[in-house]
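In my numbering, the protein residues as written are 311 to 741. Backbone N, C-alpha and C fix where the C-beta goes; we use that ideal spot for every residue, glycine too. The structure presented is a predicted model; accordingly, all values stated were derived computationally and were not measured. Working notes, structure below.
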Amino acid sequence: MSAIVNNPASSTRRGAASSSSTAGEVNWAELRKDFPILDQKIHGKPLIYFDNAATSQKPQAVLDALRHYYERDNANVHRGIHELSNRATAAYEAARARTAQFIHARSPEEIVFTRGTTEAINLVAHSWGMANLKSGDVILLTEMEHHSNLVPWQLIAQRTGARVVYVPLRSDENVLDLDRIDALLAGNVKFFSMVHISNSLGTVNPVADLCARARKRGIVTLVDGAQSAGHMPVDVQAIGCDFFAFSGHKICGPTGIGVLYGRQDLLDAMPPYQGGGEMILSVAYDHTEFKKAPHRFEAGTPDISGPVGLHAAMDYLDRIGRDRIWKHDQELAAYAQERLSALNGVRLFGPKTGRAGVVSFLLKDVHAHDVVMLADQAGIALRGGHHCTQPLMHKLGVESTARASFYFYNTREEVDRLVEVIREIQKFFAV
Ligand code: C6P
């Protein structure tokens with residue numbers, strides 16, 4: 311990393327040097343140099359990567375950590391008594407401790423490694439849900455959930471007889487209708503699972519407030535942090551949730567590694583999700599004793615390089631500062647919103663103010679996929695489709711949207727280029 315200067319909070323800074331930055335500020339354009347992938351042309355045009363909600367790019371520090379692990383330390387964890395296995399185990403558990411610190415969990419024992427947000431939510435739905443839900447119970451979700459926080463609950467509802475109920479959107483602003491929350495929670499709600507930042511709308515939900523209201527009624531809560539962890543400071547104790555899930559690949563880490571935070575007492579009381587090696591204390595032909603959490607939920611050889619890469623990613627992000635990343639994301643999104651809304655024939659989705667770095671839009675009479683295909687020809691990576699939020703799209707009366715999603719290595723100049731390209735697309739379709 312070369313682009314952060316004079317940041318007193320950044321004690322682990324490496325090679326900090328940028329004469330163009332002012333005290334405590336980040337030279338965002340300079341940070342791009344940490345991402346080798348960004349330095350290329352697509353269809354002859356400089357790559358503009360605006361598909362960060364799908365997955366982020368990886369800085370050199372993460373690529374180096376993965377390479378170092380496989381070149382020097384690779385072995386299986388928790389099993390061997392040899393040096394390499396000890397090193398791999400130490401790296402794996404150090405990543406767990408770093409993750410606990412990253413989201414301010416009380417201890418590393420509250421961190422379960424999973425394949426991603428999706429698996430983390432499925433783990434809770436299957437383990438906690440099957441053990442605690444029964445016919446007549448209500449699972450409360452919101453109308454803006456990603457399929458990953460919707461389908462697992464429908465499956466568990468089918469098996470337990472519980473019902474899924476949704477907090478509605480306010481039609482004017484694409485935000486949750488908070489006036490309805492208390493009445494909904496007063497139903498027979500046992501579990502309330504909510505997205506922190508909507509991947510389709512960019513809406514930032516007031517999760518601390520929602521969790522506090524649920525907690526008063528003894529309702530267990532989960533926050534889907536796929537789009538928030540890595541984009542803003544996250545403190546699970548301040549949020550007051552019982553579970554929090556996120557994916558490494560969306561926060562500069564590798565694919566295949568995710569995190570489930572769970573309150574220790576809840577995790578300890580939950581039955582295993584999968585059975586196999588690593589998660590047992592002892593096995594006999596007729597019964598098994600399981601390890602305590604988190605190991606009871608990590609059956610089989612885990613992804614080891616994943617946590618190593620994730621550790622490097624978390625260090626990298628914190629050298630920049632997640633408060634700064636959040637400010638940058640929001641400023642870029644507000645700028646994109648302002649520029650796009652000034653165009654004729656552009657429908658913008660999501661809240662008018664305070665949105666995260668996600669901007670969904672449609673051009674009048676142009677299919678979202680055509681927008682994305684033509685933007686690709688101009689070197690811009692957008693995403694088009696339902697973004698795994700089909701019920702939400704239905705609610706909004708559309709099949710799909712085009713979406714630009716930002717991260718800290720994106721710039722205002724890139725947004726300007728997007729606007730230019732959208733104008734060209736409009737001309738092409740004579741809108
Ligand atoms: N959204 C997108 O918006 P996984 O695939 O397990 O890493 O993450 C799933 C997931 C869960 N919740 C939210 C809010 C998400 O945005 C996502 C992933 C991607 O482009 C893929 S649809």
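Euclidean distance between Cα positions of residue i and residue j
{"i": "Gly586", "j": "Ala435", "result": "20 Å"}
{"i": "Glu724", "j": "Arg733", "result": "14 Å"}
{"i": "Ala404", "j": "Arg382", "result": "17 Å"}
{"i": "Glu599", "j": "Arg727", "result": "59 Å"}
{"i": "Gly572", "j": "Ser366", "result": "25 Å"}
{"i": "Ala518", "j": "Asn442", "result": "23 Å"}
{"i": "Ile352", "j": "Gly689", "result": "5 Å"}
{"i": "Ser615", "j": "Asp575", "result": "29 Å"}
{"i": "Arg469", "j": "Val475", "result": "16 Å"}
{"i": "Arg425", "j": "Ala714", "result": "25 Å"}
{"i": "Leu494", "j": "Leu511", "result": "23 Å"}
{"i": "Arg473", "j": "Thr711", "result": "30 Å"}
{"i": "Ser331", "j": "Asn337", "result": "For Ser331, the predicted structure reports a pLDDT of 36, less than 50, and the residue's modelled location is therefore unreliable. A value from the coordinates is still provided. In a straight line, the C-alpha of Ser331 is about 5 Å away from that of Asn337."}
{"i": "Gly655", "j": "Leu673", "result": "6 Å"}
{"i": "Pro604", "j": "Tyr380", "result": "25 Å"}
{"i": "Leu570", "j": "Phe553", "result": "7 Å"}
{"i": "Leu702", "j": "Ala646", "result": "22 Å"}
{"i": "Asp664", "j": "Glu641", "result": "As written in the sequence, residue 664 is Gly, which differs from the Asp given in the question. Spanning the two alpha carbons is a distance of roughly 9 Å."}
Where residue i sits in the DSSP three-state scheme
{"i": "Phe258", "result": "Since the first and last residues shown for the chain are 311 and 741, residue 258 lies out of range."}
{"i": "Lys602", "result": "coil"}
{"i": "Thr365", "result": "coil"}
{"i": "Pro356", "result": "strand"}
{"i": "Thr409", "result": "helix"}
{"i": "Lys662", "result": "coil"}
{"i": "Leu451", "result": "strand"}
{"i": "Val544", "result": "coil"}
{"i": "Ser715", "result": "strand"}
{"i": "Thr513", "result": "coil"}
{"i": "Arg342", "result": "helix"}
{"i": "Asp492", "result": "helix"}
{"i": "Ile614", "result": "coil"}
{"i": "Thr428", "result": "helix"}
{"i": "Gly558", "result": "helix"}
{"i": "Phe738", "result": "helix"}
{"i": "Ala678", "result": "helix"}
{"i": "Ser508", "result": "coil"}
{"i": "Arg523", "result": "helix"}
{"i": "Ala622", "result": "helix"}
{"i": "Leu672", "result": "strand"}
{"i": "Ala435", "result": "helix"}
{"i": "Leu747", "result": "Nothing can be reported for residue 747: it is not among the residues displayed for the chain, which extend from 311 to 741."}
{"i": "Tyr476", "result": "strand"}
{"i": "Lys444", "result": "coil"}
{"i": "Ile421", "result": "strand"}
{"i": "Ile347", "result": "helix"}
Residue i Cβ short of 7 Å to the ligand C6P heavy atom set
{"i": "Ser557", "result": "yes"}
{"i": "Gln537", "result": "yes"}
{"i": "Arg649", "result": "no"}
{"i": "Asp534", "result": "yes"}
{"i": "Val505", "result": "yes"}
{"i": "Asn384", "result": "no"}
{"i": "Asn459", "result": "yes"}
{"i": "Gly568", "result": "yes"}
{"i": "His436", "result": "no"}
{"i": "Asn720", "result": "no"}
{"i": "His697", "result": "yes"}
{"i": "His638", "result": "no"}
{"i": "Asn509", "result": "yes"}
Cβ neighbour criterion (16 or more within 10 Å) applied to residue i
{"i": "His697", "result": "buried"}
{"i": "Lys500", "result": "buried"}
{"i": "Gln411", "result": "exposed"}
{"i": "Pro595", "result": "Sequence inspection shows Tyr at residue 595; the Pro mentioned does not correspond to that position. Its Cβ having fewer than 16 others within 10 Å, Tyr595 is exposed."}
{"i": "Tyr717", "result": "buried"}
{"i": "His679", "result": "exposed"}
{"i": "Asp361", "result": "buried"}
{"i": "Trp463", "result": "buried"}
{"i": "His621", "result": "buried"}
{"i": "Gly568", "result": "buried"}
{"i": "Val387", "result": "buried"}
{"i": "Phe607", "result": "buried"}
{"i": "Asp374", "result": "exposed"}
{"i": "Gln350", "result": "exposed"}
{"i": "Lys560", "result": "buried"}
{"i": "Pro581", "result": "exposed"}
{"i": "Leu591", "result": "exposed"}
Interface flag, residue i vs chain B, CB-CB below 8 Å
{"i": "Glu608", "result": "Going by chain labels, chain B is absent from the structure shown, which holds only one protein chain."}
Open item on the list: Would the segment 532 to 548 count as touching the segment 631 to 649 if we require 3 or more Cβ pairs under 8 Å?
Closed with: yes
- [ ] State whether the segment 522 to 537 contacts the segment 503 to 514, with contact taken as three or more CB pairs (one from each stretch) at a distance under 8 Å.
- [x] yes
Task: Three-pair Cβ contact test at 8 Å for the segment 340 to 351 versus the segment 369 to 376 - done: yes
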